[in-house]
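Note that the working numbering has the sequence shown beginning at -3, numbered continuously upward. Cβ coordinates follow ideal geometry from the N, Cα and C atoms, glycine included. Remember, it's a predicted structure, so these values are computed and weren't measured experimentally.
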Amino acid sequence: MARLKLAVLISGRGSNLQALIDAAAAPDYPAEIVLVLSNRPQAQGLAHAAAAGIPTTVVDHKRFAERALFDAELDRLLRGHGIELVCLAGFMRLLTDAFVEAWTDRMINIHPSLLPAFKGLDTHARALAAGVRVAGCTVHFVRPEMDEGPILIQAAVPVLPGDDAAALAARVLAAEHRCYPQAVRWIAEGRVRIDGSRALIDGVAPAHHILINPGA
Ligand code: GAR
């Protein structure tokens, strides 16, 4: 069966990209990464893609006078590569509504909190400051409002005594690396239906939409 064609958009380290590369290396994984795009020329993740033999393109946002022009270039590249699903993986640029709408239900994001809590940046420091006992991550479809959209999967991890933001981030990141390949798999298997603000996953028990303290 044809594998779903993915583009992964990054801005930095690329550890979620690497998790997707590793998952897609399995012969039975139903998706393949055909393009990695970065808005930053120095993004470390570009090397992960190159090492895996995946074509990379840098679209440096600084070269564009307007967001709409940057997004138009992204759109052109994605269409040119026949991309079927766009995966934002630490892509730290806000996208225009027009771009998001053009890719509605075909673009997903990973966010390092249990949405709708802690949208935006510095999620771990804010979670610690709020004194939450449980943190986590979310993979969701992208909508024009930042960090909103139907949720595919979430993982919950404990906040432990003595955690600083780096320790909590590392625990959440390990969960991210399990969630993202799973969410992509469900979409590639054609199991996902969107019903208003909710994503429904056929043939997967609801309990499997959440990973609790993965790795424990
Ligand atoms: C990840 O923790 C991801 O959830 C977060 O950036 C990190 C990227 O790490 N994304 C956001 O904060 C989006 N608002 P990575 O480059 O190693 O995958």
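**OP:** Tell me, please, whether the region 23 to 40 touches the region 62 to 82 by the rule of three or more beta-carbon pairs shorter than 8 Å.
**Re:** yes
Original post:
In terms of residue numbering, what span does the beta strand (DSSP E) encompassing Val188 cover?
Top reply: Val188 to Asp191
Subject >> With 16 other Cβ atoms within 10 Å as the buried cut-off, status of His136 >> reply: buried
Original post:
Does DSSP classify Gly199 as helix, strand or coil?
Top reply: coil
Original post:
Can you tell me the Cα-Cα spacing of Pro157 and Ala203, whole angstroms?
Top reply: 28 Å
Subject >> Val55 to Asn35 span [Cα, whole Å] >> reply: 5 Å
Original post:
Going by C-alpha distance, which of Pro112, Gly127 and Pro108 is nearest Asp118?
Top reply: Pro108
Subject >> Anticipated Cβ contact below 8 Å, Arg189 with Pro154, distance rounded >> reply: The pair is not a contact, with the Cβ atoms about 32 Å apart (cut-off 8 Å).
Original post:
Which whole-angstrom value is the C-beta distance of Val138 and Gly127, which I expect to be below 8 Å?
Top reply: Actually they do not touch by this definition, with Cβ atoms about 30 Å apart.
Subject >> Rounded Cβ spacing between Leu91 and Leu2 (contact assumed at less than 8 Å) >> reply: In fact, because the Cβ distance is near 17 Å, the residues do not count as touching under 8 Å.
**OP:** For Thr92, name the three-state secondary structure that DSSP assigns.
**Re:** coil
Original post:
Near Gly8, what residues of its chain come up, given a Cβ to Cβ distance below 8 Å and the 5 sequence neighbours on each side ignored?
Top reply: Arg36, Ala39, Gln40, Gly41, Gly86 and Met88
Original post:
How many whole angstroms separate the CB atoms of Ala151 and Arg122, which I take to be in contact at a CB cut-off of 8 Å?
Top reply: With a Cβ gap of about 18 Å, Ala151 and Arg122 do not count as contacting.
**OP:** Check the DSSP bridge columns for Ile206 and list the partner residues they point to.
**Re:** Gln150
Original post:
Where DSSP assigns a beta bridge to Glu28, which residues make up the other side?
Top reply: Lys1
Subject >> Assigned secondary structure, Gly132 (DSSP; H/G/I helix, E/B strand, else coil) >> reply: strand
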